[in-house]
Amino acid sequence: MFHIYCPYCEEHREEEEFHPKGQAHIARPEDPDACSDEAWGDYLFFRDNPRGIHHEMWLHAVGCRKFFNITRHTVSYEILETYKMGEQPTVGAEHLAREEKTAREGKTDSVQVAEGGQQAVGASDAALASVKGAQA
Amino acid sequence: MSQTAAQPNRLAQGGQVDRTQALTFTFNGHSYTGHPGDTLASALLANGVDLVNRSFKYSRPRGIVAAGAEEPNAVVQLGATEATQVPNVRATQQALYDGLVASSTNGWPDVQRDIMRWVGKLGSPFMPPGFYYKTFMAPASMWMTYEKYIRKTAGLGRSPTQPDPDIYDHMHRHCDLLVVGAGPAGLSAALTAARAGARVILCDEQETMGGSLLDTRETLDDRPAAHWLQATLAALAEYDNVTLLPRTTAHGYHDHHFVTLHERRTEHLGDSAPSRAGHRQSRSRLHRVRAGQVVLATGAHERPLVYANNDVPGNLLAGAVSTYIRRYGVVPGRKLVLSTSNDHAYRAALDWQEAGREVAAIVDARTAPEGDLVAQAKAAGIRVITGSAVIEAKGAQRVSSARVAAIDVDAFTVTGKVETLECDTIASSGGYSPVIHLASHTGARPVWSDDIIGFVPTTVAGVTAAGGAHGVYPLGEVLADGVEAGANAVTALGFATTVNDADLPRVAPRHEGPACALFQVPHEKATLRAPKQFVDLQNDVTAAAIEVATLEGFESIEHVKRYTAMGFGTDQGKLGNINGMAVAARCLGQSIPETGTTVFRPNYTPVTFGAVVGRHCRELFDPERYTPMQAWHVAQGAEFEDVGQWKRPWYYPRKRAGGELETMAEAVARECRAVREGVGILDASTLGKIDIQGPDAREFLGRIYTNKWQKLAPGRVRYGLMCGDDGMVMDDGTTSCLAENHFLMTTTTGNAAPVLEWLELWHQTEWPELDVYFTSVTDHWATMTVTGPEARKLLTDMTDIDLDREAFKFMDWREGHVAGVPARVFRISFTGELAFEINVQAHYAMHVWEALFERGKHFDLTPYGTETMHVLRAEKGFIIVGQDTDGSVTPEDLGMHWAIGYDKPFPWIGKRALTRSDTRRENRKQLVGLRPKDPSVVLEEGAQIVFDPNHAIPMPMVGHVTSSYYSPTLESGFALAVVKGGHQRMGESVYLPMADGRIHEADIVGTQFVDPQGERQHV
Ligand SMILES: [Zn+2]
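One line per chain: the protein sequences are A and B, in this order. When the letters of the first sequence are read in order and numbered with my numbering, they come out as residues 11 to 146. When the letters of the second sequence are read in order and numbered with my numbering, they come out as residues 51 to 1069.
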């Protein structure tokens, strides 16, 4: 059973107080009507299942009722960090940062940088692939 | 030394049992005596009971092998009464008490004359490895029959058939350091941490703390180890920051240093927990410990050697022999042969001889053993045969001799002539395996160490193995390892420690020669033809079975394990796993580390369901939620239905003229008629209610619901449909505009919490810029639905609200007073009749409810329950989310196109998915009404629908019934169903083939069976 630090309550609490909500940083496309069926299907149904670092969203369901993010190692189950909505992970960030830079120079539309109050948005496919490669 | 007559193997002195008190116990119907301090196993051995079970698969006679948790054979059924039956108890871990009743679990109908004996005699050809898969998979229909027979024959123990008289509890604990195991390593670790001021929990699975110190020959500070042990336990007990938990097994290591401990609080005292000062005690307790750091001082299990017939009663572990003699004053035989690969096991022969019994020989696999214990044995005149091993035990119900021969360990061959030594006991030792189970629960893989010839654990951060569990065996080093582990653990938590070598007791130096790596002992015959050489005694897995598995192509040790059942079940491979891997490695021509290790899983030893459940049973199993009118419903004799955690009145049976209660069908028919013809009332307080406020509340509703909210004025109510972003309906309900920035949303009873979570999800993660707040007010407001043609008349004199049909229209709400208290009244209808939903603060609810009934006397106001509510709403085609929908149904599948605002500006949740190819395809299952041809038929909910009942099986199934009732209004059964392309099939016939062979026919009709124009709710 996990022992989870809620970044809003600033306390470790038992897993029983939380609900897991799946992969973090899945942004709803800004213009759904512009999405192809395939792109919308990817957003709805497809999630990563990495062996290693995984960013996932949790809810402090019977605590402060806030959603937040956890960076967890899916092999050791170690929780490497928890962070608020709108913030970016620091673990795994070295891979993301490198790819973000590339993305900004190239295809800026694929990566959104978190802004105040907004849920951080996931990396480009290339960035994720590089993280997966590093973990393999 | 001599022995008492009553207990032939009990020594006159020695051990830690109290010979002044006799305890009487029963095993397999025979009465015996033992003493306080005995385990059931030591008492059985004292009484010369050789045979404790029949084996799982071959039904071979089995005796006690070990003295602790690793015992594979002496797994017994405990309990003097039916209610106190406990299966799976290891006799080696069960303290003896007066009146204890135990029996063998394997060996139906009789341990001595077993019906399955022929299987054991005929042996391998009938029971090859993987035999379940090979023999009984065909014909599949016979599997259940076979399995029942095999299970009964194998006798895995049984649960009681009567309620457990005992109570159990759970305790949540937090500590800086949890130390598992109170042997020398655990004690020194705990003491070091305690001195540093850390909060320490020290648990140990045995009756008495001390571990190996309880039977060691070594001295501490030149005195018997017991002196240091008692002093250390006394010192620990003095610390306020130390909790000592004896009889407590750490059985599972879960995530993030969450360890579950099973404390057996009264199981050493009797069949059932005795009362103390008039209070019931809990029989056992589950401690749920969250630790900062954990030291695993779980010791090591001795490995038996694998030789032919090594399962005949009288074959024991060498260390167990020493434990029985030194700790319990029991010598489990008359004449001993010891077969060993190491010095340490020599203790067994020395202890045996000192107990006054004969040692036939020590057979040592090493060619030139040279340690201090070897010298002691030679000096004591014991014959030492080197370069040899016991290759086979002889005897049926008890060992009668040992066949000994010179062997070549590396070449795996017998090299010399076989000598037969008469004996009744063979003790063996192939060295020690650190107890790595708990470390393995964390997912950390152990690594092989050639130095100790065993796997040592790797650990996750915050966990340290110490002493035997760490592969450290000499006593002095074990104590030092414990100190270091304890110091490191608390230092990591920020405590200051001063480790001083002078704190450690002095251990006399002892020279031990190197051990040799021996697992399976060669036999003159090849393994496949030799007599059975058992690797896993509990699961009856032989070396030959593992060899067969490798010959059949199973190369991964995990596959070998599953194919042979090695290390399965409650045993978890404590004795057999390493030997099994060694056999597999030999067969595959590779090393043990190349072969790998299998994973140990919780639980380390079995935990009773009572302990797992604790107090979470009966009325405390799950919280029950009551509405404010619960007492009234109970007084009226309502039958209740569980809806989530809520108790809701299901129907209210009345007494008939004869004094008997109405049946459910009669009550529901009466309640339905009352609503359709007069007036009824429903306690709808369980509906989820969410108060939504903020300048952006309206915008938020427009994004979360499929329909439009921009123009809903204060005082108005609207039905809303909620989808997931996959376009599937997930909830529905009404939302009322209380003020421009203030709304009240209702949800289905079961969905109140998930819907609130859903709203928060979107607000917090996608639209935090919207200024809107959500508060659950489900419990704050009670809701009573007054409905039926007489509803307005009933309410007229009870409220200051103008009930005129023009002033207070359908889908309006009004604020005012009802029965003198503030109320919100909503003109919404779930019955299709004129209806007023009265919401008052929960504390006023009973007053209002009773006032309504006082006034209702003149109108025969009839309370109705959820069943009538269902009939009435289904007659109107109103859906219940989760009953008529199942997560694969869109609003359009429900025919609710009118509730979809495709032209709303914001791409609301679910919109995009409603135009995906799959949601647009023809032939989706759509909600329709069904009218059975035979009006007396009420279709089964869930019944499958076909178009052609004469189609060959399998028939194409085109839908199923979602709701079905008998309608007193229609005087007919009717149903809601989903049918492929149903909206285009009005008037067509469908068929419902039932399990009993009948086929019902029904017409597809619209979903509104009563008042299809919807006029009655507007009156
Ligand atoms: Zn919180």
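Glycine included, each C-beta is placed from N, C-alpha and C at the ideal position.
- In this structure, the alpha-carbon of Asp-829 of chain B lies about 9 Å from that of Gln-891 of chain B.
- For Cys-45 of chain A, the shortest separation between its Cβ and any heavy atom of ligand 1 does not lie below 7 Å.
- Secondary-structure assignment with DSSP links His-561 of chain B through no beta bridge to anything.
- Interface flag for Val-101 of chain A against chain B is unset, since no Cβ pair is found closer than 8 Å.
- Between ligand 1 and Tyr-15 of chain A, a heavy atom-to-CB distance of less than 7 Å is absent.
- Taking 7 Å as the upper bound on Cβ-Cβ separation, chain A lies near residues Arg-340 of the segment 326–341 of chain B.
- At a beta-carbon threshold of 8 Å, the residues of chain B lying near Leu-54 of chain A are Asp-775, Asp-776, Ala-963, ordered along the chain.
- Tyr-87 of chain A has a beta carbon lying within less than 8 Å of a beta carbon in chain B.
- A Cβ-Cβ separation of about 7 Å places Leu-423 of chain B in contact with Arg-397 of chain B under the 8 Å criterion.
- For Tyr-18 of chain A, the shortest separation between its Cβ and any heavy atom of ligand 1 lies below 7 Å.
- Against chain B, the CB of Trp-68 of chain A has no partner CB under 8 Å away; the residue lies outside that interface.
- Here the segment 492–506 of chain B makes no contact with the segment 582–600 of chain B; the two share fewer than three CB pairs at distances below 8 Å.
- Among the residues of chain B, those whose CB is under 9 Å from the CB of Pro-42 of chain A are Asp-775, Pro-957, Lys-961, Arg-962, Ala-963, following chain order.
- Of all C-beta pairs linking the segment 1038–1058 of chain B to the segment 979–997 of chain B, three or more are shorter than 8 Å, placing the two stretches in contact.
- At a cut-off of 8 Å between beta-carbon atoms, Cys-45 of chain A makes contact with chain B.
- The C-beta of Ile-1003 of chain B has fewer than 16 other C-beta atoms within 10 Å across all chains shown, which makes the residue exposed.
- Counting only runs that start and end inside the segment 216–261 of chain B, the alpha helix (DSSP H) elements of at least 4 residues fall at 234–245.
- Of the residues assessed, Tyr-823 of chain B falls on the exposed side of the cut-off, its CB having fewer than 16 other CB atoms within 10 angstroms.
- In the three-state reduction of the DSSP assignment, Tyr-289 of chain B falls in the coil class.
- In the DSSP assignment, Thr-736 of chain B falls outside any beta strand (DSSP E), carrying neither H nor E.
- His-277 of chain B is bridged by DSSP to nothing; it lacks a bridge partner.
- The closest heavy atom of ligand 1 lies less than 7 Å from the beta carbon of Lys-76 of chain A.
- Shortest Cα-Cα distance from Ala-56 of chain B to any of B:Gly-87, B:Leu-94, B:Thr-614 involves B:Leu-94.
- Counting only unbroken stretches of 4 or more residues, the alpha helix (DSSP H) elements lying wholly within the segment 650–728 of chain B are 659–663, 680–685, 714–727, in sequence order.
- A straight line joining the alpha-carbon of Ala-681 of chain B with that of His-908 of chain B spans about 23 Å.
- For Glu-1065 of chain B, no Cβ of chain A is located within less than 8 Å of the residue's own Cβ.
- Look at Gly-64 of chain B here: in three-state DSSP terms it is coil, with no helix or strand label.
- Taken in chain order, the complete beta strand (DSSP E) segments of 3 or more residues contained in the segment 755–809 of chain B are 767–773, 779–789, 792–797.
- For Thr-918 of chain B, the enclosing alpha helix (DSSP H) starts and ends at 916–925.
- In this structure, DSSP gives Thr-348 of chain B a state outside helix and strand, which the three-state scheme calls coil.
- Within the model, the alpha-carbon separation for Arg-1066 of chain B versus Glu-91 of chain A is close to 60 Å.
- Residues are counted here when their Cβ sits less than 8 Å from a Cβ of chain A; for the segment 290–311 of chain B these are His-304, Asp-305, His-306, His-307, Phe-308, given in chain order.
- Pairing Asn-78 of chain B with Val-540 of chain B, the inter-Cα distance amounts to about 50 Å.
- DSSP links Asn-365 of chain B through a beta bridge to B:Ile-476.
- Of the candidates B:Arg-962, B:Arg-333, B:Lys-697, B:Gly-517, the residue whose Cα lies closest to the Cα of Met-778 of chain B is B:Arg-962.
- Note: Pro-39 of chain A is not bridge-paired with any residue in the DSSP secondary-structure output.
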